[in-house]
Every structure is written in structure tokens, then in C-alpha cells.
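K.L.:
Submitted below is the structure of interest, expressed as C-alpha cells.
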Amino acid sequence: MHPIFQTLLFLHIGAGFLSIVLFWVPTFTKKGGTAHRLSGKFYVILMWTVVVTAAILCVRNMIVGRPITGAFLGFIALITAKPLWHGIRVLHYKKENPMRFLFWQRVVDGLVIAAAIGMVIYGIYLGGNGSAILMFIFAGLGLADVPNFIKKIRRPPVSSNWLKDHLVGMFVSAIAAYTAFFVFGANRFLEVLPGYWAIVPWVAPTVVGTIGIRRMVKKYAK
Numbered sequence: 012m013h014p015i016f017q018t019l020l021f022l023h024i025g026a027g028f029l030s031i032v033l034f035w036v037p038t039f040t041k042k043g044g045t046a047h048r049l050s051g052k053f054y055v056i057l058m059w060t061v062v063v064t065a066a067i068l069c070v071r072n073m074i075v076g077r078p079i080t081g082a083f084l085g086f087i088a089l090i091t092a093k094p095l096w097h098g099i100r101v102l103h104y105k106k107e108n109p110m111r112f113l114f115w116q117r118v119v120d121g122l123v124i125a126a127a128i129g130m131v132i133y134g135i136y137l138g139g140n141g142s143a144i145l146m147f148i149f150a151g152l153g154l155a156d157v158p159n160f161i162k163k164i165r166r167p168p169v170s171s172n173w174l175k176d177h178l179v180g181m182f183v184s185a186i187a188a189y190t191a192f193f194v195f196g197a198n199r200f201l202e203v204l205p206g207y208w209a210i211v212p213w214v215a216p217t218v219v220g221t222i223g224i225r226r227m228v229k230k231y232a233k
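Using my numbering, the first residue of the sequence shown is number 12, and each one after it goes up by one.
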């Protein structure tokens, strides 16, 4: 591997590992406090580093003839960037949603849905077995937002529950980060699980994270 891409890979892995560790600091510290804000800012910086390096490595894998790896990297980068961007932008506008924000929100949502459809098509092209199954699973994460996307187009939300949107955005970005860790960083562990059981660690972050989101939202809804 070229030294530049080797450096990007190390940066990607390092930022990803630090982000999934640092995530728990703003999660369990007082919301709005110094520790929460400072650790949250570093978490966001690390996550954007992960997203940007993943996008570059995605292109590189496509060029060198590893389209499956490139597709996973690119899609994970996209579904990580979406909640990360949204979870931060809502802090700037709080309860109001200006037209500019709504426009870019639809653009980002549309990109994720288009990429998810692309993953489904690619999975069908691969025959629906092996890596294709994971493509269908990941595509499901993107396509799950289609009803909400259509609803936003028909009736753009002029206001929002910014605290809920912020919490959900940060948690979903962490789910994507942990998923990427298991997919690309825990190969030895995955090899221990036989057959279709190897998929479990790849989807576990979504299941656990969804439970965490519901509990956190319920707690702060009060």
C-alpha cells in the first residue's frame, strides 16, 4: 500500500478507536456541562476524521479492484456522516428549522437512500449470498428512513425537538462507528463464529444502540 494511504488507514483506525471510547464521556456526564461539551467536540472531530478518511479509502479500494470493501466503507461513511451532521446542526438552530437547513437535510437523506438502493442492487448482482447478505442488512438501515423522508417532503417540519434529535444523532453515529469496528477491525473474533452467526457482531451495535436511544430519549423527555 502506498505510504499516503497507509497513513490514512492508520489515521482512520486510530480516530475510530478513540471515538468509540470517547463517546461514553459525553453520554454519562452532565448534559451542557464543561466535560460534556469538551468531550463532545473532540468526539465530533474524531468522527469527521473517520468519515473523511473512509471516503478516501473507499475510492482507493474501488480503483485497486476491491469494490465490495469500497462499497461497505463508502456506505458506512455516509450513514455515519448523516446523523453526525444532523445531531450537530440542530444545536445551532434549536427549536426552529430554517429553509436552508431543511434543504440540506433532504439532500443528505436522499443521498443515504440512493446509496442504500445501490447496495441492494449490488447485493442482487453478487447473487444474494455471502457479502450480499450484509449489503441487504446495511441497505435496510438506509431504507428504513424512506417513510420519514417522504413525510418531510410533504410537510417540512418548521420546529423540532432539538434535544431528542441531538441525542439520536450522536447515538446513531456511534452505532455506525461500532459497526465499522466489528466489520473491519474484529476479523479474528468473527472467524470464531460459524456460518450465519458471524453476522451477529455486525448487527449487534444497531440492536443495542436502538435500545440505548429509546432509554436515553425517554429519560430526557422528562
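Built from N, CA and C at the ideal position, the CB exists for glycine as well. Since the structure is predicted, the reported quantities are computational estimates derived from the model, not experimental observations.
#1: If contacts are defined as beta-carbon pairs under 8 Å, then residue 87 and residue 191 qualify, I think. What distance do you get, rounded to the angstrom?
#2: Report the residue from 140, 104, 55, 171 whose alpha carbon sits nearest the alpha carbon of residue 30.
#3: Taking residue 111 as part of the alpha helix (DSSP H), name the residues at either end of that continuous run.
#4: Along the alpha helix (DSSP H) that carries residue 14, what are the first and last residues, could you check?
#5: How big is the Cα-Cα spacing for residue 49 and residue 70?
#6: Buried or exposed for residue 140, going by 16 or more other Cβ atoms inside 10 Å?
#7: Can you tell me which of 117, 65, 51, 78 puts its alpha carbon nearest to the alpha carbon of residue 159?
#8: With respect to the alpha helix (DSSP H) encompassing residue 101, which residues constitute its N-terminal and C-terminal limits?
#9: Just the Cα atoms here: how many angstroms apart are residue 28 and residue 84?
#10: Note down, in chain order, each residue of its chain lying with its Cβ closer than 6 Å to the Cβ of residue 92, except the 5 sequence neighbours on either side.
#11: Pull up the distance between the alpha-carbon of residue 39 and that of residue 185, whole angstroms please.
#12: For the alpha helix (DSSP H) that contains residue 46, what are its first and last residues?
#13: Given this structure, state the Cα-to-Cα distance separating residue 99 from residue 105, to the nearest angstrom.
#14: Comparing alpha-carbon positions, which option in 161, 142, 180 lies nearest residue 95?
#15: Please say whether residue 188 and residue 58 have beta carbons closer to each other than 8 Å?
P.N.:
Reading it off the structure:
#1: Taking 8 Å as the upper bound for CB-CB distance, residue 87 and residue 191 are in contact here, some 5 Å apart.
#2: 55
#3: 110-136
#4: 14-33
#5: 32 Å
#6: exposed
#7: 117
#8: First-last of the alpha helix (DSSP H) with residue 101: 78-104.
#9: Looking at the two C-alpha atoms, the distance is approximately 16 Å.
#10: 62
#11: 14 Å
#12: 45-74
#13: 10 Å
#14: 180
#15: Result yes, Cβ atoms of residue 58 and residue 188 sit closer than 8 Å.
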